[in-house]
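For what it's worth, my numbering labels the leading residue of the sequence shown as 1282, then goes sequentially.
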Amino acid sequence: MNTEEYKGVWVFIEQIEGQVVGVSLELLGAGRALADKLEVDLCGVLLGSNVKELCPQLFEYGADKVYVIDDPILDKYRSETYMKAVGDLVRKYKPEIFLYGATANGKDLASAVATEVMTGLTADTTMLDIDLDKRLFEASRPAFGGNIMATILCKKHRPQMATVRSKVMKALEPQPGRTGEVIEETISLKEEDLRTKVLEIVRDTSKKVNLADADIIVAAGKGVKDAAGFKLVCDLADALNATVGATRDVVEAGLIGHSHQIGQTGETVTPKLYFAIGISGAVQHVVGMNNSETIIAINKDPDAQIFNASHYGVVGDLFEIVPLLTEEFKAALNDVGGVKTHA
């Protein structure tokens, strides 16, 4: 493969019912930085039915060009239709780098496209960079149970592809009125030729915790030990009207459900305030919360790795400190009429 033929940074723009998924806007921000380093265009890839009207929003968030395939056959996501559409675009326009959100659809599509065009894919990346000397895309992610950060390179094949989870990158501030080039393409598929059909969309109506939008999170680690220690964390969260989070150890111990798990195998969060209580600071957890605005750690080990990721640290016994904090917050918030958060 002649890799020099491939130029440009692409972002797959996922949309659901005509609304751009947030991670796609975040990836336009990350892609803008990569494209500027490489001195190439940043391009969005937008598929669906009646979606062309979304292009102005993508230009405002950093895209220079948007490749659009607007066709009823792409109305609902299907692997075979989207893989065909994206594969055709890749072969025709030859992008250098291609980013996807690590959503259910994004991960499915990225792996399918990697197979279709015979290239590599790095999953769940947390850091993106460019080696300008070799013009290589550096996609980094935790490896070996989160004990190290591995940087994955795709030296011989293009495009260089990666999936990135929501909240890991930050979207740019939109520039109203910013414009770009719309490139319209078509797809050569007919409904009767497809092996799959969407019969019904069933929405998940179960109540789930919304960690991603929480302003305050109180998170428990292995140091809470048992249900009694975990209750102290919940009491502090109640006092702050905050959302409870947890590390994988706490979830696997059965103290709380997986929907509360934060980290590489859980949710990525960016609250205004994050309490890390009894959390050692393993990489697989830190990658899920290190973009929080303010991080406060409580741990009895002064050498705990969590302090390296924290803005403030308290070295001490959480079983003594957390109840005192809870009472102080209760008293202070009662004086000022409470605190409002998104839980």
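Just so it is clear, CB atoms sit at the ideal spot from N, CA and C, and this is done for glycine as well.
Short Cβ contact (8 Å threshold) for residue i with residue j
i	j	result
I1560	T1528	yes
Y1287	C1324	no
H1438	M1282	yes
F1556	I1577	yes
D1496	P1552	yes
L1633	L1453	Any question about residue 1633 goes unanswered here, given that the chain covers just 1282 to 1624.
V1532	Q1542	yes
V1499	G1526	yes
F1588	A1520	no
G1299	V1332	yes
Q1456	E1341	yes
G1544	V1568	yes
Same chain only: Cβ atoms within 7 Å of residue i, ignoring 5 sequence neighbours per side
i	result
I1602	I1579 and V1595
A1431	S1421, R1422 and A1424
S1330	D1351, D1352, P1353, L1355 and D1356
E1361	L1475, R1476 and T1477
G1387	F1293, E1295, Y1381 and T1444
E1285	none
R1413	Arg is not the amino acid found at residue 1413; the sequence shown has Leu there. Contacts found: K1318.
L1328	I1350, L1355, Y1363 and A1366
L1470	I1354, T1362 and K1365
V1490	T1524, S1540 and H1541
K1373	none
A1509	none
Cα-Cα separation, residue i to residue j
i	j	result
V1290	G1458	22 Å
C1435	L1492	33 Å
F1293	G1312	11 Å
V1514	M1570	17 Å
A1590	K1503	17 Å
K1621	D1516	Low confidence applies to K1621: its pLDDT is 49, below 50, so where it sits in the model is not reliable enough to give any reading.
F1511	E1548	19 Å
E1397	R1359	15 Å
E1473	V1301	29 Å
P1583	G1597	8 Å
M1450	E1307	5 Å
I1558	V1564	16 Å
A1624	Y1593	Its pLDDT being 41, under 50, A1624 is placed unreliably by the model, and the measurement read from it follows with that caveat. One C-alpha to the other measures close to 23 Å.
A1613	A1518	15 Å
K1405	A1383	Reading the sequence as shown, one finds Asp at residue 1405 and not Lys. C-alpha separation (whole angstroms): 6 Å.
K1415	D1322	19 Å
I1537	T1524	12 Å
V1479	G1303	24 Å
R1484	K1581	44 Å
S1305	P1440	18 Å
L1417	I1429	21 Å
A1501	N1615	25 Å
Pick from the options that is closest to residue i, judged by C-alpha positions
i	options	result
L1319	P1583, E1419 and G1303	E1419
A1385	L1306, I1537 and Q1296	Q1296
T1467	I1497, I1587 and A1366	A1366
K1346	L1306, Q1545 and G1461	G1461
K1448	E1574, L1614, P1604 and E1609	E1574
I1464	V1321, L1315, G1299 and C1336	C1336
I1433	P1455, R1446, M1408 and Q1456	M1408
A1314	F1588, I1411 and I1498	I1411
D1494	N1615, L1327, L1554 and P1376	L1554
A1316	S1305, V1490, D1369 and G1343	G1343
N1572	R1484, R1446 and L1480	R1446
Residue i - partner residues in DSSP beta bridges
i	result
A1424	I1429
I1543	E1548
C1324	W1291 and K1346
D1410	E1419
Q1625	There is no way to answer for residue 1625, as the model of the chain reaches only from 1282 to 1624.
G1329	D1351
G1594	A1578
I1464	Y1348
Residues near residue i in its chain [Cβ-Cβ closer than 6 Å; skip 5 each side]
i	result
L1390	Y1363
V1371	V1398
A1585	S1561 and G1562
K1375	E1286 and Y1287
Nonlocal neighbours in the same chain, by C-beta distance under 8 Å from residue i, ignoring five residues either side
i	result
M1442	I1378, F1379, L1380, Y1381, A1391, V1394, A1395, T1400, G1401, L1402, T1403 and C1435
P1604	L1513 and D1516
T1546	R1529 and Q1565
I1482	K1357
G1368	V1394, E1397 and V1398
Proximity test, Cβ basis, 8 Å: residue i and chain B
i	result
K1333	No chain B is present in this structure, which holds just one protein chain.
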